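Protein chains: 2
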Amino acid sequence: MAISVRDVAKAAGVSVGTVSNVLNTPDKVANKTVEKVQAAIDKLGFVRNDAARQLRAGKSRSIGLVVLDVRNPFFTDLARGAEDAAQESNMSVLLANSDEIPDRELAMLSLFEEQRVHGVLVTPVSDDLEPFKKAQLRGTPIVLVDRKSRDKSFSSVSVDDVAGGYMAAKHLIELGRKRIVFAGGPLSIQQVSDRLKGAQKAVTEHQNVTLEVIACKSLTVFEGREVGAEIAKRPKSKRPDAVFAANDLVAIGIMQVCLNQEGLRIPNDLSLIGYDDISFASTAIVALTSIRQPTHEMGARAVELLMSMADETNGKSKAKHIEFQPELVIRDSTVAK
Amino acid sequence: MAISVRDVAKAAGVSVGTVSNVLNTPDKVANKTVEKVQAAIDKLGFVRNDAARQLRAGKSRSIGLVVLDVRNPFFTDLARGAEDAAQESNMSVLLANSDEIPDRELAMLSLFEEQRVHGVLVTPVSDDLEPFKKAQLRGTPIVLVDRKSRDKSFSSVSVDDVAGGYMAAKHLIELGRKRIVFAGGPLSIQQVSDRLKGAQKAVTEHQNVTLEVIACKSLTVFEGREVGAEIAKRPKSKRPDAVFAANDLVAIGIMQVCLNQEGLRIPNDLSLIGYDDISFASTAIVALTSIRQPTHEMGARAVELLMSMADETNGKSKAKHIEFQPELVIRDSTVAK
DNA sequence: ATTGTTTTCTGAATCGTTTCAATTTATTTA
DNA sequence: TAAATAAATTGAAACGATTCAGAAAACAAT
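This is how it looks when you write it as structure tokens:
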């Protein structure tokens, strides 16, 4: 039914091997032959069947990327970084999101394995990395992104979240804040627990500063609004004077409720700091202080790492780790203009 | 190297055909055979090679979706609708964005054709649909989404954007607004020009109401902020008393600048209405009046339409159109609480 | 036991591309 | 011009799952 290389070959009066060479390595083919074949391709409207190509090649031209939430700009930026790096080796990136649900994460992994992707980048939901380990043994390299591997079998590209959490809390303390709330969750996500750990460290280094944790179910604007409502309804004496949110979306949710419904002033009544420094942070109602991560670069470096793993013939090389340092970006939500 | 059905068959002591049947139609296989084969699969860690499956089947299990901007929640909602419907026929949706760039749109189309997707849903950037027409003739059904096909060769799922534009402008006029600005662009995107057309119609039906167009390069928060700055810097006498933004992102950008930098009151000094009713609209600084579209349902219906086209053997059936009516959702940005 | 019927299983052929050793053609060197 | 070398082309084999006509096994009816 559909046009195949065989049809093109016949129309151009050459062999199928030559058609394939025109498609893949035109330099190896005489110019006028290339022209003849191209003409036949255009005339017949030939479209290469990628499944057949992959079958022969044994590998696809794609890399899988599983993130926690595609709607978080942090992850779309990261994905963009990955795409840019992938293009260098003309690969493409398949984006999937786990929605923080372990089962979806597994389903995506299987899908990618069946597609014989070159490798998988993942921001894991939980601590159970067993399925990923198995996939890696079967020959699909895995790189953990935005998450340092405790397990020595995985390579990773991460940011020092403990340092980031410390920075954030330290900044609030240096502004003279005493009653700090950490808003975020679930704590099973390593990024969240590390950021909290850093904050706790900063707090214990000072007298008279308390840290309270308000948990939320996921790191979304919606959950942030829940936390905001919880804070705003408290009597003034019980209310924190600073909030460190586990990411910017949560911070933005908190900000919306506190400013709008309750008339709290930010930063006067409440200092607020987020995490990730998504592009939306600087354009929030009150520009948001945040902890910046080299998002785009993380995506790119993760892909490079993956490609180097895929190249190594034996595949049994030692896991490599790349760790970036975060950076404090001060804006109006902690220090008034 | 990798484990194949052949290896599984040998290990389980059955033929390759039986392994395939266990994978695809276990009902046709005796129970204890299924168990034997499953055990072998688990033991060997067999992972089905999707490329080989597709090659034989002739079609993939995917549908391609090309949207203008993945970061716009309107399109992620639409994509979710498509995914949900696709799952019914156990298909998956491959999401790609054109970033409003015609060349990227073409590249994505080729990629999808090479993958032999079941069909492509697309929100086209421009009016040149020739490449899509060719793809359709070659056997890949195309459905235009969020855009009515002028060309009778394509099926489409759309919302009556002229009616939506009319509704929006009419609402502003009924509130007594006289100097209305339409903010949006590029006009080559049909959704934008239709919404403008509707607004113009409403304006011409009334005396003493003017409509000014402020163009922007794309429908993003960033561009909205540019428009906001342009409006806010005007002397009061030249300033509009209402703005109709071509989508919610632009409206949010305008809102941020006007409220924050210039201290304009919304809706008192300026009524503001958006379009799409993305989930973020209701949680904006001032809850945004907007025109709601049945986003999720559009995605779902588009997939259903596509599947029905793919089923039809000849493929030469008449194009079908589904058109929804939009709905006005009134919030604080036009009518104060 | 024989025949008929249903259920289960088999395995060679197939999908469309790429690969690569072998062959043909063109170019250079002596 | 003949021999040596380089460039271009050929075409059958291979990738791994699915298909399907036919064989084998299991069961039922006579």
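From first to last, the protein sequence lines are chains A and B.
So in the numbering used here, spot 62 of the first sequence is number 552, and the numbers just go up one at a time.
So in the numbering used here, spot 291 of the second sequence is number 781, and the numbers just go up one at a time.
By construction, the Cβ of each residue, glycine as well, lies at the ideal position given by its N, Cα and C atoms.
These figures come from a predicted structure and were not determined experimentally.
Here GLY688(A) really is in contact with GLY654(A); their C-beta atoms are around 6 Å apart, less than 8 Å. By the neighbour-count definition (other C-beta atoms within 10 Å, threshold 16), ASN698(B) is an exposed residue. Around the CB of LYS638(B), 16 or more other CB atoms lie within 10 Å, so the residue is classed as buried. Beta-bridge pairing by DSSP links SER645(A) to VAL633(A).
Short of 6 Å from the beta carbon of HIS811(B), and not among the five residues preceding or following it, lie these beta carbons of its own chain, in chain order: SER646. When Cβ pairs closer than 8 Å are counted between the two stretches, the region 663-670 of chain B is seen not to touch the region 617-628 of chain B, the count staying below three. A straight line joining the alpha-carbon of ALA790(B) with that of ALA575(B) spans about 5 Å. The Cβ atoms of GLU604(A) and LEU558(A) do not sit closer than 8 Å to each other.
The Cβ of LYS624(A) sits closer than 8 Å to at least one Cβ of chain B. A distance of 8 Å or more separates the beta carbons of VAL524(B) and VAL506(B). Short of 8 Å from the beta carbon of ALA501(A), and not among the five residues preceding or following it, lie these beta carbons of its own chain, in chain order: ALA530, LYS533 and LEU534.
Using a Cβ-Cβ distance cut-off of 8 Å, the region 749-762 of chain B and the region 583-599 of chain B are not in contact, since fewer than three pairs of beta carbons, one from each stretch, lie closer than that value. The continuous stretches of alpha helix (DSSP H) do not include THR710(A), and DSSP gives it neither H nor E.
Sixteen is the threshold: when 16 or more other Cβ atoms of the shown chains lie within 10 Å of the Cβ of ARG561(B), as they do, the residue is buried. In terms of Cα proximity to PRO730(A), the closest of ALA722(A), ILE679(A) and ASN737(A) is ALA722(A). Residues of chain B whose Cβ lies closer than 7 Å to the Cβ of VAL711(A) are, in chain order, THR773.
Judged by their CB atoms, SER552(A) and VAL583(A) are nearer to each other than the 8 Å cut-off.
Within the model, the alpha-carbon separation for ILE679(A) versus SER600(B) is close to 38 Å. THR779(A) sits in a strand when the DSSP states are folded into three classes. VAL557(A): member of the beta strand (DSSP E) spanning 552-557, first to last residue. Among the CB atoms of chain A, one or more fall inside 8 Å of the CB of ALA541(B).
Neighbours of THR566(B) across chain A, judged by C-beta separation under 9 Å: VAL560 and ARG561.
Annotated three-state conformation of ILE742(A) is helix, per DSSP. Linking LEU709(A) to GLU695(B) through their CA atoms gives a straight-line distance of about 48 Å. Taking 3 residues as the minimum length, the beta strand (DSSP E) runs contained wholly in the region 656-688 of chain A are 669-674, in order along the chain. For ALA774(A), no alpha helix (DSSP H) segment is defined, and its DSSP state is neither H nor E. Contact note: GLN746(A) reaches chain B through THR773, ALA774 and ILE775, using a C-beta cutoff of 9 Å and chain order. When the beta-carbon positions are compared, ILE768(A) and ASP801(A) stay at least 8 Å from each other. Counting along the chain, SER798(B) sits inside no beta strand (DSSP E); it lies in the alpha helix (DSSP H) bounded by residues 785-801. Around the beta carbon of ASP636(B), 16 or more other beta carbons lie within 10 angstroms, which makes this residue buried. Residue-level contact by beta carbon fails for GLN528(B) and chain A, as no gap is shorter than 8 Å.
Within chain A, the residues SER600, GLU603, GLU604 and ARG628 have their CB atoms less than 8 Å from the CB of VAL537(B), given in chain order. Taking the Cα of LEU585(A) as reference, the smallest distance to any Cα among VAL607(A), THR700(A) and GLU578(A) is reached at VAL607(A).
Closest option to VAL819(B), judged by alpha-carbon separation, among VAL633(B), LYS526(B), ASP618(B) and ALA658(B): ALA658(B). For VAL495(B), there is no enclosing beta strand (DSSP E); the residue is part of the alpha helix (DSSP H) that begins and ends at 495-502. Counted as a single uninterrupted DSSP element, the stretch harbouring ILE812(B) is not any alpha helix (DSSP H) but the beta strand (DSSP E) occupying residues 811-814.
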